[in-house]
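Residue numbers (numbering that gives the first Met the number 0), protein chains in the order written: chain A, 0 to 144; chain B, 0 to 325.
These notes are about the structure you will find just below.
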Amino acid sequence: MGASYPFPADRWYDRSTHMWACPTPEGEILVGIDLLGLESLGDLAYLTLPAEGTQVSRSRPAGSLEAAKMTGELISPVSGVVTARNTGAEKNPALVNHDPFGQGWMMKIRPDHWEKESKELVGGPDLGVWSQQEILRYKEQGWID
Amino acid sequence: MRLVRLGAVGAATSQAVYHALARRMTPQSQDTVVLCSPAQPYLCLGYHQTYGQVIHRAEAARRGLPVIRRRVGGGLTYLDSQQLFYQFVFHHSRLPPVPKRLYARLLAAPVAALNQLGCPATLEGMNEIEVNHRRIAGIGGGRVEEASVVVGNILLDFPADIMAALWPCPFPAFARLAAQALDKRVTTLRKEGLQASMEKVEATLAASLAPALGRPVAPGELTPEEWETVREEEQALTDPEFLELHGEGETPPLTELKISARAYIHARQIPAPGKDLWAALLVKEGVIEQIEWEPLEEKKKGEKADLAALTQAWLGRPLVAWKKEG
Chain A
0 MGASYPFPAD
10 RWYDRSTHMW
20 ACPTPEGEIL
30 VGIDLLGLES
40 LGDLAYLTLP
50 AEGTQVSRSR
60 PAGSLEAAKM
70 TGELISPVSG
80 VVTARNTGAE
90 KNPALVNHDP
100 FGQGWMMKIR
110 PDHWEKESKE
120 LVGGPDLGVW
130 SQQEILRYKE
140 QGWID
Chain B
0 MRLVRLGAVG
10 AATSQAVYHA
20 LARRMTPQSQ
30 DTVVLCSPAQ
40 PYLCLGYHQT
50 YGQVIHRAEA
60 ARRGLPVIRR
70 RVGGGLTYLD
80 SQQLFYQFVF
90 HHSRLPPVPK
100 RLYARLLAAP
110 VAALNQLGCP
120 ATLEGMNEIE
130 VNHRRIAGIG
140 GGRVEEASVV
150 VGNILLDFPA
160 DIMAALWPCP
170 FPAFARLAAQ
180 ALDKRVTTLR
190 KEGLQASMEK
200 VEATLAASLA
210 PALGRPVAPG
220 ELTPEEWETV
230 REEEQALTDP
240 EFLELHGEGE
250 TPPLTELKIS
260 ARAYIHARQI
270 PAPGKDLWAA
280 LLVKEGVIEQ
290 IEWEPLEEKK
300 KGEKADLAAL
310 TQAWLGRPLV
320 AWKKEG
């Protein structure tokens, strides 16, 4: 179980939104969405990301997306200032579905409170158990096969 | 679950009602189903659509059609008094978070109603309600604050020619094919041979809600506070800045147009003897089913492309082959 839904161990995950946050060597945070989050959305048709310089807050909407004719809010996993957005993914949202942990990243944030907020995310030694539980939960609910 | 039957309402009101209920939604709020019918025709943009990319501005203005943008998904819709507009506004925690499940649960009611009316409707491609492989409804949905919203309409009648004229088609052959395809792939109660009145369709859908959703339904009305929010939303959804949300002015013309869950029209330019050609391709499940040609400027007098031969060569072939060879 879990082979189809990898959770790379170099990043942290938001329990409720399945957004991931990955620290870069420059001290910024790369943000995207994991495969279970994408499974619950479907193939993205639209993605709207915040402009560079926008202040975003953890657990608050930072952008929007649409899949299966259904719009949703893009919830930021961390607070800070947006320093880059993936315009390639905005033009071609399929990138996010095809490579969610690589080319399908969404935005880069200079974090305000990474030390504190990373503790509210799942990562490190807790990741294995949580990810297995999430995959099981999605299967039990019939959200994934 | 509350059922609010509003009857005929103004264009902006018909969209503002579910936005208002969604905005006011809390875990303690009643889930609500709204049934109404627009008193006059109008166009409604999906949240992420760009105005100039999907609406022929001059044609919409010539016809005096108001334009409204909704905060939920899906494509451009033309609504008028021959459509029953249904709106599900539920607290998100009381619906599945996965679109496929959510659509299946909520759209069971209109599917059941259509079957009771004598149309063998089925749910196809996750969110398309079809009768004999033809769409009979447009659907859109989304998360608006704490609410999960799904809206759609049952078509008693539908002017495919007007809808097609409102798309900013790149060339006349594309527009012709779009109008033909829309007429062929979209059905209505009238086309299915049913002369059901709006009252009967509405009553049938209302009666289908409780059994389809598995919850009791109580008739209700909007409160004065809810009406106040409706009025605010009417302003917000027609605000010029909101209408031009994803870019102002003219944009490149359409190169792809969705007709139904399986059918799309694509525009492609190809070099040919004598003239460059534009081709409008009707593609069903990835296979080219019909081609309409649009000759461009003559390159060399006297040379003519053999359109019949080109058509025969491409019909029945996958669109991906055109992308490689065309």
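Positions of the beta carbon are idealized from the N, C-alpha and C atoms, including for glycine.
Since this is a predicted model, take the numbers as computed values, not measurements.
At a cut-off of 7 angstroms between beta carbons, A:Ser39 contacts chain B.
DSSP, read as helix, strand or coil, puts B:Leu309 in helix. With contacts defined by Cβ atoms closer than 7 angstroms, A:Leu43 and A:Val77 do not form a contacting pair.
According to the DSSP secondary-structure assignment, A:Val95 is paired through a beta bridge with no residue. DSSP places A:Ile134 in the uninterrupted alpha helix (DSSP H) bounded by 126 to 139. In summary, A:Val128 is exposed, with fewer than 16 beta-carbon neighbours lying within 10 Å of its beta-carbon over all protein chains present. Taking all protein chains shown into account, B:Ser207 has 16 or more neighbouring C-beta atoms within 10 Å of its C-beta and is therefore buried. Separation of B:Leu34 and A:Lys107 (C-alpha to C-alpha, rounded to the nearest whole angstrom) is 43 angstroms. Short of 8 angstroms from the beta carbon of B:Pro317, and not among the five residues preceding or following it, lie these beta carbons of its own chain, in chain order: Gly285, Val286, Ile287.
At least one C-beta of chain A is nearer than 7 angstroms to the C-beta of B:Ile138.
In chain B, no part has a C-beta under 7 angstroms from the C-beta of A:Gly101; the shortest such distance is about 24 angstroms. B:Tyr77 carries a strand assignment under DSSP once its states are collapsed to helix, strand and coil. In summary, the residues of the stretch 41 to 61 of chain A whose CB is separated from some CB of chain B by less than 8 angstroms are Gly41, Ala44, Tyr45, Thr47, in the order they occur in the chain.
Cβ-Cβ distances below 6 angstroms link B:Gly246 to Thr49 in the same chain, with the five nearest sequence neighbours on each side left out; the list follows chain order. Cβ-Cβ separation between B:Leu20 and B:Val71: approximately 13 angstroms, too far for a contact (criterion under 8 angstroms). In the displayed model, B:Ser147 falls within a strand according to three-state DSSP. If you check each beta-carbon in the stretch 62 to 76 of chain A against every beta-carbon of chain B, the ones closer than 8 angstroms belong to Ser63, Glu65, Ala66, Ala67, Lys68, Met69, Thr70, Gly71, Glu72.
By the Cβ-count criterion, A:Gly31 is buried, with 16 or more other Cβ atoms from all chains shown falling within 10 Å of its own Cβ. Boundaries for B:Glu191: no beta strand (DSSP E) harbours it, and the DSSP string shows neither H nor E there.
DSSP links B:Pro251 through a beta bridge to no other residue. Between B:Tyr46 and B:Pro65, the beta carbon gap of about 17 angstroms keeps them out of contact (Cβ cut-off 8 angstroms). In this structure, B:Thr187 and B:Leu154 form a Cβ contact; the two beta carbons are roughly 4 angstroms apart against a cut-off of 8 angstroms. Counting of Cβ neighbours within 10 angstroms places B:Ser259 among the buried residues, the total reaching 16 or more.
Distance from the CA of A:Asn85 to the CA of A:Leu73, rounded to the nearest whole angstrom, comes to 14 angstroms. Within the stretch 118 to 129 of chain B, contact with chain A at the beta-carbon level (separation under 7 angstroms) is assigned to Met125, Asn126. Under a criterion of Cβ atoms nearer than 9 angstroms, the residues of chain B adjacent to A:Trp142 are, in order, Pro95, Pro96, Val97, Lys99, Arg100. Rounded to the nearest angstrom, the Cβ distance from A:Gly79 to A:Pro60 is 15 angstroms, too far for a contact under 8 angstroms. For a cut-off of 8 angstroms, the C-beta gap from B:Asn152 to B:Leu78 is around 7 angstroms, short enough to register as a contact.
Within the DSSP bridge table, the entry for A:Met106 names A:Val30, A:Arg84 as partners.
Contact check between the stretch 0 to 10 of chain B and the stretch 110 to 125 of chain A: fewer than three CB pairs, one atom from each, fall below 8 angstroms, which does not count as touching. Counting of Cβ neighbours within 10 angstroms places A:Glu116 among the buried residues, the total reaching 16 or more. With a 10 Å radius around the Cβ and a threshold of 16 neighbouring Cβ atoms, A:Glu27 comes out buried.
Between the alpha carbons of B:Thr203 and B:Gly117 lies a distance of about 11 angstroms. Spanning the alpha carbons of B:Arg133 and B:Met162 requires a straight line of approximately 16 angstroms.
In terms of CA proximity to B:Gln115, B:Leu193 leads the group B:Leu193, B:Cys43, B:Pro223, B:Ala320. DSSP places A:Gly62 inside the beta strand (DSSP E), whose first and last residues are 60 to 66.
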